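Take a look at the structure below.
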Amino acid sequence: MSSATESKLFRPDVPRLDGIGDLLAYALALEVEATERYAELAELMATHNNRDVAESFRKMARVEQLHVDEIRKRIEQSRLTDLPTAHFRWVGLTSGPESTDPADLHYLMTPRQALELALINEKRAHQYYDTIATSTTDPEIKALAAEFAEEEKEHVALVEAWMEKYPEADEDWDRDDDPPVLQD
Amino acid sequence: MSQTAEAAAPVTLTPNDYKSNIKPIWCPGCGDYSVLLEITKALAALALRPENVAIVSGIGCSSRFPAYSNCYGFHGVHGRALPVATGLKIARPDLTVLCTGGDGDGFSIGGNHFLHACRRNVDLTYIVMDNQVYGMTKGQASPTTDPDWDHVLMPGGTGTRAFQPLVIALASGANFVARAFSGDPAMTTDIIIEAIRHPGFSFVQILSPCVTFRPDQREWRNFVRQAPVPETNDPSRAARRIMSDDGFNLGILYRGDRPPYRISRKAEFEEVTAIGKEFLV
Amino acid sequence: MKTLSIAVVGSGGAGALTTGNLLLEAAARLGCYGIQTRSVGPQIRGGEAAAMVRLSDEPIDCISDRFDIMLAMDWNNVHRFAPEILLDENSLIIGDPAEGEVPPALTRSNPQRREVAIGALAKQVRKGRANMIALGVIAEVIGLPDAAVIAVLEKQLGKKGEEALLSSLDAITAGRAAAAGIEPRRLPVNGSAGTAKWIITGNHAAGLGAIRGGIKFVAAYPITPATEVLEWISKALSRTGGTLVQAEDELASINMILGASFGGQPSLTATSGPGLSLMVESLGLAVSAEVPIVVIDVMRGGPSTGIPTIAEQSDLNIAVYGLHGDAPHLVLAPNSVTDCVATTQWSVFLAEALQTPAVVLSDQYLGQARCIIDAPQTLPLRGERLLATDAGGERYQRYAVTESGVSPMAIPGLPGCQHTADGLEHNPIGTPSSTAADHQTQLDKRQRKLTQFDFGDRWADIEGDGELAIITWGSVTGAVREALGRLRAEGGGGIRLVSIRLLTPVQPERFAGALAGVKRVLLIEQSHSAQFRHFLAAHYRLPEDIEILNRAGPLLFRAGEVYDRIKSWSGV
Numbered sequence: 007m008s009s010a011t012e013s014k015l016f017r018p019d020v021p022r023l024d025g026i027g028d029l030l031a032y033a034l035a036l037e038v039e040a041t042e043r044y045a046e047l048a049e050l051m052a053t054h055n056n057r058d059v060a061e062s063f064r065k066m067a068r069v070e071q072l073h074v075d076e077i078r079k080r081i082e083q084s085r086l087t088d089l090p091t092a093h094f095r096w097v098g099l100t101s102g103p104e105s106t107d108p109a110d111l112h113y114l115m116t117p118r119q120a121l122e123l124a125l126i127n128e129k130r131a132h133q134y135y136d137t138i139a140t141s142t143t144d145p146e147i148k149a150l151a152a153e154f155a156e157e158e159k160e161h162v163a164l165v166e167a168w169m170e171k172y173p174e175a176d177e178d179w180d181r182d183d184d185p186p187v188l189q190d
Numbered sequence: 023m024s025q026t027a028e029a030a031a032p033v034t035l036t037p038n039d040y041k042s043n044i045k046p047i048w049c050p051g052c053g054d055y056s057v058l059l060e061i062t063k064a065l066a067a068l069a070l071r072p073e074n075v076a077i078v079s080g081i082g083c084s085s086r087f088p089a090y091s092n093c094y095g096f097h098g099v100h101g102r103a104l105p106v107a108t109g110l111k112i113a114r115p116d117l118t119v120l121c122t123g124g125d126g127d128g129f130s131i132g133g134n135h136f137l138h139a140c141r142r143n144v145d146l147t148y149i150v151m152d153n154q155v156y157g158m159t160k161g162q163a164s165p166t167t168d169p170d171w172d173h174v175l176m177p178g179g180t181g182t183r184a185f186q187p188l189v190i191a192l193a194s195g196a197n198f199v200a201r202a203f204s205g206d207p208a209m210t211t212d213i214i215i216e217a218i219r220h221p222g223f224s225f226v227q228i229l230s231p232c233v234t235f236r237p238d239q240r241e242w243r244n245f246v247r248q249a250p251v252p253e254t255n256d257p258s259r260a261a262r263r264i265m266s267d268d269g270f271n272l273g274i275l276y277r278g279d280r281p282p283y284r285i286s287r288k289a290e291f292e293e294v295t296a297i298g299k300e301f302l303v
Numbered sequence: 421m422k423t424l425s426i427a428v429v430g431s432g433g434a435g436a437l438t439t440g441n442l443l444l445e446a447a448a449r450l451g452c453y454g455i456q457t458r459s460v461g462p463q464i465r466g467g468e469a470a471a472m473v474r475l476s477d478e479p480i481d482c483i484s485d486r487f488d489i490m491l492a493m494d495w496n497n498v499h500r501f502a503p504e505i506l507l508d509e510n511s512l513i514i515g516d517p518a519e520g521e522v523p524p525a526l527t528r529s530n531p532q533r534r535e536v537a538i539g540a541l542a543k544q545v546r547k548g549r550a551n552m553i554a555l556g557v558i559a560e561v562i563g564l565p566d567a568a569v570i571a572v573l574e575k576q577l578g579k580k581g582e583e584a585l586l587s588s589l590d591a592i593t594a595g596r597a598a599a600a601g602i603e604p605r606r607l608p609v610n611g612s613a614g615t616a617k618w619i620i621t622g623n624h625a626a627g628l629g630a631i632r633g634g635i636k637f638v639a640a641y642p643i644t645p646a647t648e649v650l651e652w653i654s655k656a657l658s659r660t661g662g663t664l665v666q667a668e669d670e671l672a673s674i675n676m677i678l679g680a681s682f683g684g685q686p687s688l689t690a691t692s693g694p695g696l697s698l699m700v701e702s703l704g705l706a707v708s709a710e711v712p713i714v715v716i717d718v719m720r721g722g723p724s725t726g727i728p729t730i731a732e733q734s735d736l737n738i739a740v741y742g743l744h745g746d747a748p749h750l751v752l753a754p755n756s757v758t759d760c761v762a763t764t765q766w767s768v769f770l771a772e773a774l775q776t777p778a779v780v781l782s783d784q785y786l787g788q789a790r791c792i793i794d795a796p797q798t799l800p801l802r803g804e805r806l807l808a809t810d811a812g813g814e815r816y817q818r819y820a821v822t823e824s825g826v827s828p829m830a831i832p833g834l835p836g837c838q839h840t841a842d843g844l845e846h847n848p849i850g851t852p853s854s855t856a857a858d859h860q861t862q863l864d865k866r867q868r869k870l871t872q873f874d875f876g877d878r879w880a881d882i883e884g885d886g887e888l889a890i891i892t893w894g895s896v897t898g899a900v901r902e903a904l905g906r907l908r909a910e911g912g913g914g915i916r917l918v919s920i921r922l923l924t925p926v927q928p929e930r931f932a933g934a935l936a937g938v939k940r941v942l943l944i945e946q947s948h949s950a951q952f953r954h955f956l957a958a959h960y961r962l963p964e965d966i967e968i969l970n971r972a973g974p975l976l977f978r979a980g981e982v983y984d985r986i987k988s989w990s991g992v
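Chains as they are written, first to last, in this note's numbering: chain H, 7 to 190; chain X, 23 to 303; chain S, 421 to 992.
So this is what it looks like as structure tokens:
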């Protein structure tokens, strides 16, 4: 599951940022998308009665929500107006760098597998901010991107620590003795 | 990474404004979850009010779509979504009408309507989530399934050539023909936006993996690619391109300029009581 | 009641049907009532054709038992019409001697015969046509004044120019001269001569009823004998702000009207048995999703392709029982050409009021007969739905459980009331549900809409009283009504007529009232398997003493045979 995600989707590109406002707008879009995606995946797994994984995703959504709140606060403090609000396109990525591809889900997946997906997101987010920090010439952007990169690095460590609490998935983790259900 | 702030008008609607609180029954991993996201993103980007959008469907996994949206919805019988959408749009040209469904609903039982909807060119957007399988009845071959795909209903495969929806759409007169992949939300969202904007009948095939009956389709994300050539308004060029590709070229493949179906309704009309005088001897 | 029946036959483009049309219209100008039917060979062009015109001094809704005049421009295959054009010793056959002998099938009853050289006379007139000679001959024999003939000719031929009109008038004059010696058979004109009459077919009348009921959207797939409903309504919609779309098949047409009606526009389609068969799945959808639609079924002979050009009352079962699941809906049947207006209008009204599909069972006879009638009454029945105006701060419930069973319907465009209309069983909000409670609640609600509604007296026509009753429906009513009128005129009363217009939902209390005191019943219907009889037996209490007169198409019931049967059954 996750190997495909890494190979195909992890190709960050350097964005053109015309000021600190642009970076904040990107960061907000990235974190909001990640938060919403985790919340959706949590609901989706709950619908399919995988409560443990639902709880893992909910936890990740709460973590990302903290980021959203923090960025919103910064925007408020910076008194920046007319941040770009339209539809974002992530070049070389199918979703925001910190968002899980719903196609990677399985109804029987274990919390550890779910956290593996989260780990990829956090690493990708770190690399995204890091790329900005190292390639920009704007000192203000550099400082803020580096700060965000550092936070994502902390998240990577956090997720890794959580993962340790769960065992590796059994070989037959996706075994289901019942056939799929007929609907319409 | 780049970002386009293309919508000049202030956007006050978010994708969540187009989602209902009903939980989809789709399997985790199903491409349709992403399509739900992509369609709601497109509607938000177009700033269409949910009450002015109607989503019509037939029967099948992807046809459960309307209930998951916060737009007006019509979930009808198997294969007949396009006629419902056609009647609705002709009766109510002010609405944005989307038709969603799967490959079995659209190309098998509803195949005739597909041809005629393309011909008629009513201003609709038809989004087919193609997973090459009947999911809701436990994985039988659909019209777009490869002929050698083995299943208990047809052991060894159907032996029947796979239906080519884009070729058929183009030949039948669809005004906009595109292929997307559910796992590429950005591109898919853009394509849906363009499809809704384009006048006439817009057809979007979205490759949307069925992880339950076609787990092999998880690999699609490694096969898909942006079509190597830009879109065209020349049907013969588009035909050559669509007929020779391997089914994984993504993008807008044809954007025609045929005028959409003309809905003739007089603004000023006679009273009903005026009707019938012709019968007076 | 005085009547005069005339048949005009001819083949190879002779124009017999045009002669019939002109005759009917000229008679209408004089104040006659009348009905015109036709019978044709299977050829699309050039086949043998018979126009059958029956004129009367009172309203009529039934074809003739016998013909006073049969005029034949030739005898090609005319024998095929013998079962329909019944002749007796008082009938008059007018034929062209140049066309050979009168076929034996027509002379067995020993009718009177006259010869007119129709073909030769036509040749003597510049651009003369045999059917205009025929019109002149008939006009002379029945005493149709020139003024009436000229008026209709000017209307019909006006577009073809002065020359065509003059040659027609010359031909008519020649025909009149040639008929000078023939004993007259006079037109039955009554005192109402001069009051304006309408000429209309049941198909057009149904279209008019639909427009009057408020229909704004029609999806059309052509089928014999329903196509004229669609063709006529296309023009009417363009005048009244509606739309018609041609569908790719009947599956599409019914689903298109579902879409349009979901969009808030009263919607209709018209078809015949084969089309109705294709539509039944979506009729069930209309029941479940509670989307009002009207489907006119102009019945023809079945099963399968059957006999497309004749009437039969054999779609009753599919209309009532064809839907899978428990799917209460409306089935109505007009019982005369005039009634096609009112019953279709009522159907639109009911479908809209009850948010459910209505099937209108007309038939080929009603649909294609051209009838001279008094102007149909205008009824204050306009389809109006119970609409939601806002959700009132609550979550909108499309399928809210109400006392009447009818739930306020939100039309797309109304903010805050978005919902999904669903063919899947659902809860009051519209969310798919397979729970026993939701299924029971929604089934009850959909049933209640129909059982609690007050359909009033329009559910049936009940005429006369006594211990004997004839129960019938649809087009057969015309023959029964005329037969009973004949009996009454002879002093034989004591027989009721019950003609059921509202087939479903059934009205057991009203039916019991209509049959109060009735000891014996005669059922009359045009179906081989007596579908109506079984329908009545399933839903109503009938007296034990029941007789039945039933027959498949294509031979329609005539007043005379019904009269004979009633006499022998009743002993009156």
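We put the beta carbon where it would ideally sit given N, CA and C, even for glycine.
Note that the structure is predicted; figures quoted are calculated from it, not measured.
* Can you list, in chain order, the residues of its chain whose CB lies under 7 Å from that of S:ARG993, leaving out five sequence neighbours each side? -> Since the first and last residues shown for chain S are 421 and 992, residue 993 of chain S lies out of range.
* Between the segment 39-56 of chain H and the segment 156-166 of chain H, are three or more C-beta pairs nearer than 8 Å? -> no
* Quick one: which chain H residues come within Cβ less than 9 Å of X:ILE61? -> Here the premise fails: no neighbours, minimum Cβ distance about 14 Å.
* Opening and closing residue of the alpha helix (DSSP H) in which H:MET169 lies -> 145-170
* To do: Could you pull out every residue in the same chain whose Cβ sits closer than 6 Å to the Cβ of S:LEU743, ignoring the five residues on either side in sequence?
  => VAL700, LEU703 and GLY704
* Where does S:LYS617 sit, in a helix, a strand or coil, going by DSSP? -> strand
* Asked: Hey, out of S:PHE977, S:PRO835 and S:ASN737, whose CA is closest to S:ALA950's CA?
  -> S:ASN737
* Asked: Got a sec: is the Cβ-Cβ distance from X:TYR276 to anything in chain S below 8 Å?
  -> no
* Excluding five sequence neighbours on each side, which residues of the same chain lie with their C-beta closer than 8 Å to the C-beta of S:ARG596? -> GLY556, VAL557, ALA559 and GLU560
* Supposed contact pair S:ASN497 and S:GLU468 - C-beta distance, whole angstroms, cut 8 Å -> 4 Å
* **Strand pairing of X:SER79, partner residues [DSSP]** => X:HIS97 and X:THR122
* 6 Å CB neighbourhood of X:LEU271 in its chain, flanking five on each side removed -> For the record, residue 271 of chain X in the displayed sequence is Asn; it is not Leu. The answer, listed in chain order, is ALA249.
* Are the C-beta atoms of X:CYS121 and some chain H residue less than 8 Å apart? -> no
* **Segment contact flag, the segment 509-527 of chain S with the segment 432-449 of chain S, C-beta cutoff 8 Å, min 3 pairs** => no
* **For X:GLY195, the nearest candidate out of X:ILE228, X:LEU137, X:PHE235 and X:GLN162 (CA to CA)** => X:LEU137
* Asked: Taking the alpha-carbon positions, what's the H:GLU104 to H:ALA155 distance?
  -> 12 Å
* Asked: Mind checking if X:LYS288 is an interface residue toward chain H, Cβ cutoff 8 Å exclusive?
  -> no
* Short CB-CB distance (under 8 Å) between H:PRO117 and chain X -> no
* **Separation of S:ARG500 from S:PRO645, as counted between CA atoms** => 21 Å
* Just the C-alpha distance for X:ILE215 and S:GLY693, rounded to the nearest angstrom, thanks. => 43 Å
* Where does S:THR439 land, buried or exposed, given buried means 16+ other C-beta within 10 angstroms? -> buried
* Between the CA atoms of H:ARG68 and S:ARG818 - distance to the nearest angstrom -> 36 Å
* S:GLU883, DSSP secondary structure in three states -> strand
* Helix or strand or just coil, what does DSSP make of H:ALA82? -> Residue identity differs from the one stated: residue 82 of chain H is Glu in this sequence, not Ala. Note: H:GLU82 maps to helix in three-state DSSP.
* **Alpha-carbon to alpha-carbon, X:PHE87 and X:GLY98** => 12 Å
* Test item: CB-CB of S:GLY601 and S:SER782 under 8 Å -> no
* Under 8 Å by Cβ, that's how I've got X:GLY157 and X:CYS93 pegged, so tell me the actual separation to the nearest angstrom. => That pair is no contact at about 23 Å.
* Check whether S:ARG995 and S:ILE489 have beta carbons under 8 Å apart -> In the structure as shown, chain S begins at 421 and stops at 992. Residue 995 of chain S is therefore absent and cannot be evaluated.
* Asked: Quick one: is X:PHE245 buried, meaning 16 or more other Cβ sit within 10 Å of its Cβ, or exposed?
  -> exposed
* Asked: For X:PHE129 and chain S, any beta-carbon pair shorter than 8 Å?
  -> no
* Three-way DSSP call (helix, strand, coil) for S:ASN970 in this model -> strand
* Enclosing alpha helix (DSSP H) for H:TYR134 [first to last residue] -> 117-141
* Asked: Is X:CYS121 near X:THR234, with beta carbons less than 8 Å apart?
  -> no
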